[in-house]
Structures are given as structure tokens and as C-alpha cells.
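Inspection log for the structure reproduced underneath, given as C-alpha cells.
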Amino acid sequence: MTSLKQEYAHLSPLFSLTFSFSYQYYHSFACACALLSSSPMSFPKQGLFLEKLGICHRYQMWRIALNGIPVMKSSYLIIKDLAFDDIPVRVYWPRTPSTSRRGILYLHGGIGVCGSILKLNHWKIYISVHLCIRFRLVPEYPSHVTIRDCCTAATHFLKNAKAYGVDPNRVLIAGDSSGGTFAAAVSQKLVMRDDLPRLRAQVLLYPFLQAVDFSLPSHQHGFYFLTGKQVDVDGIMKNAHVPEHVLVKCRKWISADNIPEQFKVRGYTPPVPAPFSKQLYETCKAAFDPTFSPLLAEDCIIRRLPDTFIYTCEYDVIRDDGLLYKKRLEDNGVSVTWFHVKNGYHGILFTLGCQCGETSWWVPMLCSPWFSKNANLNLFLFCYLME
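Those letters in the sequence shown? Residues 9 to 395, per my numbering, in order.
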């Protein structure tokens, strides 16, 4: 188990600071609960116990639960597990013939260590063609392998879209949570490929987008939920892991000054700068790569990105990442549609029942002209939420 801990140590800021609290809201799957005879809320403790015994890594508990979702069956869809240039994928496409459908590349969330393409089974996908990529996960593989898998599968799909009845000019990429991170990173890489059809849009659902500033208002609001102990949480919350040259470069992009005042009403205290910690920097420096922190990409890349839909939630420790990316994109002339759930939390779209105090919060999003224009996300989200 020591080697596994060492492998994911450089990613611990993401684990410890952005997602350690989010799965307290995560949905329960009956088959997984029957298998484990317990609530998913106890998975982290069970996983830690098994890790201490040397039986398996703690995140295997989440993988077992998520992989326990039954495979979807539908008389309206063709569902196949394929390999795109050796990358496993699952493709859902309607049986009704067509040559001009929209296509959606979906990247699942799960902190990069768990999650499953089977989450899409709960969505009724009868119009668009959906490709779910079964990318490799950390800690077994470093994060750049995940991005490479996604880029490889996306490239294959864009080049062969017509074989699946998809118009190659009507393909978007979507991801939730860490899947939103990957979707943003893949979009940035694909815009530099002049040999490929241009992505029509990107959909980022409560994404993690930067590891430079962990003292933004949403981080301060969610601090009491942060329980990860893999790294010096206090030091990172004070940005002691960031060297001066990174601060100077990113200050214009990542700053509480770029967060609208309405998102500071629950309180915000400008952080007192902490002394730079070389030890923390060495632990976290991989997180300053745009592949891991898409907000740090250069303007020449940002301005080439496709139309974007960003979904944020008020009670989400990484809420401000979405707000900052929205501003960054708009400043570079990219069309952005933004939807904010005032009483929502991280992972809400995949929580059974999606209850957050009221049931009508999603109606404006589903009726949004953006969704009607760019994808049939409104259809499968509507069907899913109405179950």
C-alpha cells in the first residue's frame, strides 16, 4: 500500500481539498449496498480499514459500489462496448437510422480515482449518440494517462463520427466534477488539432479547474467540510504551495477580486500570505500544469475554445473555479452560458431524487435555448430528474 500512496501523493491537493467532503452527498445504489451490506456513506471508513489491513486501496470501495450499477437495457438503443485505438468505450446510439445526430463525449467524475461510465445508465438517451470513455484511473496510472486516454478516444470518434450517424460538426464534450476537469483539458488540447473537426461545445458540470488559490470565498465557506489529511491542509489553504512566479502569472486570472460580490455574502476574509513552502511545492507542482488546472492555459488557447456551458452550485467548495473560468472565457471572446443552483451542492445531478430544498431549480436550465441548440442534454437530464 505504501507504493500506492506514493503514486497519488502529487495529486493529494485535489483529493484532500476539493472532493474529500463531496461524497457525503453521493447517491446510494441498491445493488452496491446489497453487496456491501452498508450505506455508501461508510465507504471511506471501510476503505481506510481495508487499506490499513493491506487488503486493497481505500478507493476500491467506491469502485465496487459504482461498478455495481446494472447495465442499462433499452429496445430503443444500441449499446456496445468497443475499443477506440485500444481505449475502452461504451457507445449508446438510437436504433433509428440517421446521419446528422448530435454526439456527446461524456467523461465521468470521481476524483480521477473512481467513478463509472455506468452512471449514464440512468439517463434516457434516445436522440443523441453518446460515447462514454473508460479511461484509466489514479493511483494505478498518473493523471496525464487519463487525459491521453480521453484525447485518443475523442480523436477516434471525431474522425469516425459519420460511422455512428453523427454529424462531426455537432459533437460536444461533457464532464461532471473531475470529469469536467478532464473535459476542459481535452477541449484545450483538441483546439490545437487543425486536422480534426472542431468541437461544437463543452459542458462543464461543477468542475475543478485550478490548484493555485485555495483561499477563494467558496473554499473558505467549505473549509469545515475538508477532512483530508494527506497533505498540510492549513498550508495549502493559505497557498503556501505556490511560488512567486506562479502567483504573479496567475493573479490576473485567479483572484477573489474576479468573484462577484453576491458570492461573498456568506463571508470572505482576504488571506494573509503564508511563507512559501518548498516541500509543499514539490508535492503539488504537477497541479500547476494546465492539464490538471485548465484555468492556467494561455490566452492563445482559451480564445479558441468552443461555446461553453458551465454549471455551478452555491454549496460547493470548488464553485469559484467555475466562476473564474466563466470570466476567463468571456474575456477571451468565448460564448458562455452559465447556470447556478443557489441551493445546490457538489454532485447534485447524480444524487437520487436531486432534492435540494425545492424541485423547480432545474427547469430554467432544461428550457435553456443553449441546450436546445447544442445538445439533447435537456432531454436526458429531464428524464433522469423526473424519475
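Ideal Cβ positions, reconstructed from N, Cα and C, are used throughout, including at glycine. Since this is a predicted model, take the numbers as computed values, not measurements.
Query: Are there 16 or more other CB atoms within 10 angstroms of the CB of N247, so buried, or fewer, so exposed?; Result: buried
Query: Hey, could you find the ends of the alpha helix (DSSP H) F190 is sitting in?; Result: 186-198
Query: Span of the alpha helix (DSSP H) holding F317?; Result: That residue, F317, is in no alpha helix (DSSP H); its beta strand (DSSP E) goes 315-323.
Query: Exposed or buried, what is T235 when buried is set at 16 or more other beta-carbons lying within 10 Å of its beta-carbon?; Result: Here the model assigns T235 a pLDDT of 48, short of 50, so the residue's position is not dependable, and the following value carries that caveat. Exposed: under 16 other Cβ atoms inside 10 Å.
Query: What are the boundary residues of the alpha helix (DSSP H) that includes L166?; Result: 151-167
Query: Quick one: Cα of P279 to Cα of I181, how far?; Result: 36 angstroms
Query: Over what stretch of residues does the alpha helix (DSSP H) that includes I112 continue unbroken?; Result: Here I112 belongs to no alpha helix (DSSP H); instead the beta strand (DSSP E) covers 109-115.
Query: Count the C-beta pairs between the segment 140-149 and the segment 270-289 that are closer than 8 angstroms, then say yes if the count reaches three, no if not.; Result: no
Query: Could you check if C140 is buried or exposed, using at least 16 other CB atoms within 10 Å of its CB as the buried criterion?; Result: buried
Query: Could you tell me if C7 is buried or exposed, where buried requires 16 or more neighbouring beta carbons within 10 angstroms of its beta carbon?; Result: In the structure displayed, the chain extends from 9 to 395; residue 7 sits before or after that span and is not available.
Query: Determine, using beta carbons only, whether F300 comes closer than 8 angstroms to chain B.; Result: Of the protein chains in this structure there is only one, and it is not chain B.
Query: Between which residues of its own chain and S301 is the CB-CB distance below 8 angstroms, once the five residues before and five after are set aside?; Result: L217, Q218, A219, V220, A295
Query: DSSP three-state call for N340: helix, strand or coil?; Result: coil
Query: Decide if Y84 is buried, meaning its Cβ has at least 16 other Cβ atoms within 10 Å, or exposed.; Result: exposed
Query: Output the distance between the C-alpha atoms of C292 and C308, rounded to the nearest integer angstrom.; Result: 25 angstroms
Query: Out of curiosity, what's the CA-to-CA distance linking I112 and S185?; Result: 17 angstroms
Query: Should E366 go down as buried or exposed, given a rule of 16 or more other Cβ atoms within 10 Å for buried?; Result: Here E366 scores only 34 on pLDDT, less than 50, and its place in the model is too uncertain to base an answer on.
Query: If distances are taken between C-alpha atoms only, which option among R206, A91, R103, F190 comes closest to G173?; Result: R103
Query: D328 and I244 - do their beta-carbons sit closer together than 8 angstroms?; Result: no
Query: If you run the structure through DSSP and keep just helix, strand and coil, what is L207?; Result: coil
Query: Which whole-angstrom value is the C-beta distance of K334 and I318, which I expect to be below 8 angstroms?; Result: 5 angstroms
Query: Cα-Cα, which of V137, R201, T299 is closest to P105?; Result: V137
Query: Kindly indicate which residue of N177, Y214, D297, P225 has the alpha-carbon position closest to the one of L204.; Result: N177
Query: Taking DSSP's pairing of strands, which residues face V6 in a bridge?; Result: Residue 6 cannot be examined here, being either before or after the span of the chain that is shown, 9 to 395.
Query: How many whole angstroms separate the CB atoms of V342 and R311, which I take to be in contact at a CB cut-off of 8 angstroms?; Result: 7 angstroms
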